[in-house]
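Chains as they are written, first to last, in our numbering: chain C, 150 to 370; chain A, 150 to 370. Virtual Cβ for every residue (Gly too), placed ideally from N, Cα, C. Source: prediction; values computed, not measured.
2 protein chains.
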Amino acid sequence: MLNYTTSEENYIKAIYRLQSADGMVTTNELAAEIQAKPASITDMMKKLKAKKLLNYQPYQGFRLNAEGFKVALMIVRRHRLWEFFLAEKLKFTWDEVHEVAEELEHVSNKKLIDKLDEYLGFPRKDPHGDPIPDANGKIEISKKICLSELPLNTIAVVASVGDQSSEILELLEHKKIAIGTKLEVKKKFEFDNSIEIKINRHPILTISEQLAKNIFVNYGE
Amino acid sequence: MLNYTTSEENYIKAIYRLQSADGMVTTNELAAEIQAKPASITDMMKKLKAKKLLNYQPYQGFRLNAEGFKVALMIVRRHRLWEFFLAEKLKFTWDEVHEVAEELEHVSNKKLIDKLDEYLGFPRKDPHGDPIPDANGKIEISKKICLSELPLNTIAVVASVGDQSSEILELLEHKKIAIGTKLEVKKKFEFDNSIEIKINRHPILTISEQLAKNIFVNYGE
DNA sequence: TTATTTTTTTAGCTTTGTCTAAATTTATTT
DNA sequence: AAATAAATTTAGACAAAGCTAAAAAAATAA
C-alpha cells in the first residue's frame with residue numbers, strides 16, 4: 150500500500166462514499182461532493198487511473214477497483230478511529246469531531262493507527278454507529294436509513310441529520326436526541342406517519358413524519 | 150494567529166531551532182538543516198518576510214521576529230504534546246516518537262491541541278526533558294548540554310545522542326541509558342575525563358569521555 | 001433524425017514549493 | 001588592493017492541484 154497525497158485521499162474517499170454497490174460515479178456528482186470544478190475531477194481521474202486505483206473510461210464515469218477500495222477503507226479506518234478518540238478521550242462533542250478527523254485522517258503512519266486502535270480497545274463502531282474497518286480492512290456491514298424507514302423494535306444509532314437548520318437542532322435538543330443516541334421505534338401511526346420511539350429508560354417520545362425523515366440512523370450487526 | 154502551510158511551518162521550526170539568543174541564521178545553515186537547496190531557502194525567506202514572521206535583508210541572514218517566534222512556539226507545543234501522547238498513551242518507544250510527531254504537528258486545530266494538553270494532564274516537559282510551551286506560548290527555560298559539561302549533583306534527563314551508530318546504541322543499551330533516563334554526575338576524573346553517574350537507585354556507572362560527549366541532557370527548572 | 005441542451009474533456013493559465021544554472025555579492029587570500 | 005573562493009540571490013523550469021473558457025461527446029427534445 151503506497152502513500153497518497155491529501156488531495157488524492159480526499160478524492161478516493163469521496164468516490165467510496167458515492168459509489169453504491171452497482172453504479173458508476175459521474176464527474177459532476179463527484180465535483181459537487183468535493184466542491185471542485187468538473188475539469189479538476191477529470192484531471193484527478195486520469196491520475197488515479199494511472200495509479201491503478203479505479204476504472205475510468207472518458208465519458209463513462211468511474212468506480213474504485215479492488216485496490217482503490219482497499220485504500221478507501223484504510224482512510225475510513227483512520228477517520229473513524231480519530232473520531233472515536235476525539236469523542237471518547239478528548240471529550241469533543243459529536244458535531245465537532247468530523248472536521249478535526251478530516252485533518253488527522255491524512256497522517257498515514259500505519260503503526261500509529263494500529264496502536265491507536267489498540268489503545269481505544271479495538272472499537273467496532275464509531276459513535277455515529279458507522280463501522281470501523283479493522284487493520285486488514287474488514288468492515289461490518291451496517292445500513293444507514295432515515296428514521297421513518299426503521300423497522301419496529303430494532304435498536305439503531307442516530308448517525309446524522311439531513312436538514313441542519315437551527316430550528317431542527319432546537320427541536321432535537323429539546324427531545325434529547327443527538328448523534329450517537331441509541332433508540333428504537335415502538336409504534337407507527339398511519340394517519341400522520343408520526344412514530345413513537347424509546348431512548349434507553351426515558352419516557353416514550355413522539356416524532357413527526359417531517360422530523361423522522363431528517364434523522365438518519367445506523368442499524369444492523 | 151493565521152494558518153501556515155506544512156512547508157512554511159517546517160521552515161519556521163528549523164529557524165527557531167537554529168537561531169540562538171543573539172545570532173542570525175544563514176541561508177546555507179538552514180538549507181543543510183532542512184535538506185533543501187539554498188535557492189529554495191531564499192524563496193521561502195522572501196515569503197515569510199512578506200508575511201511579517203521574520204527579519205531578512207538579502208545577504209545578511211535572517212531571524213524570527215516576535216510574531217514568528219510565537220508561531221514557532223505553537224508548532225513546538227504541538228510537536229511535544231504529540232510526542233508525549235505517543236509515548237505515554239500509545240506506548241511508542243522514544244526513538245519512534247519524533248518521526249510520527251513531525252506529521253501530527255501540522256494539524257493546527259487549536260481546540261484539538263488544548264484538549265489534548267488537558268487530557269495529558271498539562272505536562273510541562275516531554276520525556277526528552279524538553280519543555281512544552283503552554284497554551285499562551287509560555288515555556289520554561291532548560292539547557293541542553295553534553296554529559297561531560299553537566300555540573301556535579303544536578304539531575305538531568307537524557308535528551309538525545311550525538312553519534313547514532315549501532316556501536317553506541319549497543320553500549321547505551323548495556324548501561325540501561327535511554328532517552329528520558331534521569332541521571333546525575335557524582336564524580337569527574339581529570340586523568341581520563343571519565344565520569345561516574347547515578348541513575349535512580351541503581352549502582353554507580355562509569356562513563357568514558359568519548360561516551361559522555363555523545364550524550365546530551367536537559368537540566369534546569 | 002436533426003437540433004438543442006447537458007455533461008465531460010481539453011487546452012492553457014495560476015500558485016506553491018521545489019530545482020538547476022547563471023549571476024551577483026560578500027569574504028578571504030595572496 | 002586585486003584576485004579568488006564561498007555564499008547568496010536571480011532567472012527560468014517543473015510538477016501538483018486547482019481554475020476558466022472553449023471544444024467535443026452524449027443525452028434529450030423537437
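Under the three-state DSSP convention, the category residue i falls into
i	result
Lys219/A	helix
Val256/C	coil
Arg229/C	helix
Pro280/A	strand
Ser315/A	helix
Leu321/C	helix
Lys238/A	coil
Lys162/A	helix
Tyr153/C	coil
Ala199/A	helix
Trp339/C	The identity of residue 339/C in the sequence shown is Glu, whereas the question assumes Trp. Glu339/C falls in the coil class under three-state DSSP.
Thr191/C	helix
Lys264/C	helix
Ile224/A	helix
Glu245/C	helix
Ile183/C	helix
Ala327/A	coil
Glu251/C	helix
Cβ-based neighbour list, residue i, same chain, cut-off 8 Å, excluding 5 preceding and 5 following
i	result
Cys295/C	Gly311, Ala361, Lys362, Asn363, Ile364, Phe365 and Val366
Leu167/A	Val174, Glu178, Leu179 and Glu182
Ile348/A	Lys325, Ile326, Thr330, Lys331, Leu332 and Leu354
Tyr205/A	Met194, Lys195, Leu197, Lys198 and Phe211
Tyr368/C	Gly278, Ser291, Lys292, Ile294, Leu299, Thr303, Ile304, Ala305 and Val306
Val249/C	Trp231, Leu235 and Phe241
Ile328/C	Trp243, Asp244, Pro276, His277, Val307, Ala308, Ser309 and Val310
Gln209/C	Met173
Ser297/C	Asn342, Ile344, Glu358, Ala361 and Lys362
Ile317/C	Val310, Leu360 and Asn363
Cut-off 7 Å between Cβ atoms - residues of its own chain near residue i, not counting five sequence neighbours on either side
i	result
Asn100/A	Past the edges of chain A, shown from 150 to 370, lies residue 100/A, and the structure says nothing about it.
Ala429/A	Residue 429/A lies beyond the stretch modelled for chain A, which goes from 150 to 370, so this question has no answer here.
Ile288/C	Leu222, Pro280 and Pro282
Thr155/C	His255
Glu158/A	Ile224 and His255
Glu216/A	Lys201 and Leu202
Ala191/A	A small correction: the amino acid at residue 191/A is Thr; Ala does not occupy that position in the sequence shown. Excluding residues within five positions, the ones whose Cβ falls inside 7 Å are Thr176.
CB contact check: residue i to chain A, cutoff 8 Å
i	result
Val256/C	yes
Tyr160/C	no
Tyr141/C	Here chain C comprises residues numbered 150 to 370, so residue 141/C is not present and cannot be evaluated.
Glu216/C	no
Val246/C	no
Lys264/C	yes
Phe241/C	yes
Tyr268/C	yes
Val366/C	no
is_contact[residue i, chain C] using C-beta, thresh 8 Å
i	result
Phe233/A	no
Lys259/A	no
Lys238/A	yes
Glu252/A	yes
Val249/A	yes
Cβ shell of residue i (< 6 Å), same chain only, five flanking positions each side left out
i	result
Lys219/C	Gly286
Leu354/A	Lys324 and Ile346
Phe233/C	Leu269, Pro272 and Asp275
Arg227/C	Glu254 and Ile262
Leu151/A	none
Ser315/C	none
Which residues DSSP lists as bridging residue i, in chain order
i	result
Val310/C	Ile364/C
Phe211/A	Val174/A and Tyr205/A
Thr355/C	Glu345/C
Leu301/A	Val334/A
Ile294/A	Val366/A
Lys274/A	Pro280/A
**Message:** Can you confirm whether the stretch 252-270 of chain A touches the stretch 198-209 of chain A when touching is taken to mean that 3 or more C-beta pairs between the two stretches lie within less than 8 Å?
**Reply:** no
**Request:** Indicate whether the contact test is met: 3 or more Cβ pairs, each with one atom in the stretch 240-253 of chain C and one in the stretch 291-305 of chain C, closer than 8 Å.
**Result:** no
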